[in-house]
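Top to bottom, those sequences are chains W and C.
Mapping of the first sequence onto our numbering: residues 4 to 155, in sequence order.
Mapping of the second sequence onto our numbering: residues 4 to 155, in sequence order.
Worksheet: one structure, shown below.
There are 2 protein chains.
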Amino acid sequence: MSFLARNKQIILYGIALALFLFLLKWLEMRYVVADEELDVYIGIIALIFTGLGIWLAYKLRKPALQTVVIEKEVYRSDFTLNETEAKRLNLSKRELEVLQLMAEGLSNQEIAEKLFVSLNTIKTHSAQIFEKMEVKRRTQAVEMGKRLSIIP
Amino acid sequence: MSFLARNKQIILYGIALALFLFLLKWLEMRYVVADEELDVYIGIIALIFTGLGIWLAYKLRKPALQTVVIEKEVYRSDFTLNETEAKRLNLSKRELEVLQLMAEGLSNQEIAEKLFVSLNTIKTHSAQIFEKMEVKRRTQAVEMGKRLSIIP
DNA sequence: TGCAAAATCACCCGAAAGTATTACCGGAAA
DNA sequence: TTTCCGGTAATACTTTCGGGTGATTTTGCA
């Protein structure tokens, strides 16, 4: 990258500044500034240079980035709980919860820890689930649960 | 949010500006500005207000937004074997077969009978599968297998 | 307010799952 | 030819799961 390209903004600002000063000098000469008009004159200059500063800041500063994370679900946004089947199986809220965690591959112990209950409780729930779903193993329960769209 | 809080920056800027103007007026009166010094005086004001503009811009500017979309992988309804993942996991044909039967909810004993091999063989295969898939249980293996579209 | 269902927990026991190690065979690759 | 890998299998052991039973506490609802 050349010197010119690297310092483009600064050079442009310098040129602009120079032009402004010329303009001001010209204005000053044209309408010889009376003392009582000095305040207004200074006010105008203050405004112009404030604007210049703002412009400069916008040009020179690298934009601050704020990262916004959007989670996008690719497939299977089409899961809708099969109310009919869910009702037919008559699984309680807790049982459904346990079934879901089973489907994630958690052991009874892990499920117990996650739900802050004892291992025995989870065993009771799972036994209930197997009975209601008429299956013998957790793998079958999960398989059936997914097939019937009771769990994602 | 109150009016004061909402417009804090603007009010602060207004106060700062007022103070500056007082200061300038005072300076002007103190060292009665001679005509030949007017340029220097204006230059100083220009510099000050340029700085003020820059400061203002920094304060007021909202950070640009950067959007990051994270794709969350989930189940797909239409099954097509994911060759890439299947190859990466490096499961043998027999292991894949066992994994599939696992996914159907069969016990090791049932899988053994179905494939006409011993229970121990199935255990060996399943251990291999778990190691390759880096999981601990058959349920996790099935879950991962479905998620990676290695099994329907 | 009282009852039925749900949720909780415990204990026992056998079955199934999983771990670790070893071993043998046959085909493919080095 | 030797080595490596997949498939098979066994032994021995540990952990987890699931069945059965009983009991207490919560809770939602009539």
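Glycine is no exception: its CB is placed at the ideal position from the N, C-alpha and C atoms.
Item                                                                                                         : Value
Buried or exposed by the 16-neighbour rule on C-beta atoms within 10 Å, applied to residue 148 (chain C)     : buried
Cutoff 8 Å: residue 133 (chain C) Cβ touching any chain W Cβ                                                 : no
Three-state secondary structure assigned by DSSP to residue 104 (chain C)                                    : helix
Inter-residue spacing [alpha-carbon to alpha-carbon] between residue 143 (chain W) and residue 137 (chain C) : 22 Å
Burial state of residue 141 (chain C), where buried means 16 or more other Cβ atoms lie within 10 Å          : buried
Length of the line joining the Cα atoms of residue 89 (chain C) and residue 153 (chain C)                    : 6 Å
The alpha helix (DSSP H) enclosing residue 137 (chain C), as first and last residue numbers                  : Run containing residue 137 (chain C): none; DSSP gives neither H nor E here.
Against chain W: residues of the stretch 116-144 of chain C by CB proximity under 9 Å                        : 138, 139, 140, 141, 142, 143, 144
Sub-8 Å separation of residue 162 (chain W) and residue 99 (chain W) beta-carbons                            : Nothing can be reported for residue 162 (chain W): it is not among the residues displayed for chain W, which extend from 4 to 155.
Own chain residues within Cβ distance below 7 Å of residue 97 (chain W), not counting five before or after   : 128
Proximity below 8 Å, CB of residue 45 (chain C) to CB of residue 51 (chain W)                                : no
Neighbour flag for residue 220 (chain C) against chain W, beta carbons, 8 Å                                  : Not covered by the structure: residue 220 (chain C). The range shown for chain C is 4 to 155.
Neighbour list for residue 53 (chain W) in chain C, Cβ cutoff strictly below 8 Å                             : 52, 53, 55, 56, 59
Alpha carbon of residue 166 (chain C) to alpha carbon of residue 107 (chain C), nearest angstrom             : Chain C is shown from 4 up to 155; residue 166 (chain C) falls before or after that span and cannot be answered.
N- and C-terminal bounds of the alpha helix (DSSP H) containing residue 93 (chain C)                         : Counting along the chain, residue 93 (chain C) falls outside any alpha helix (DSSP H), and DSSP gives it neither H nor E.
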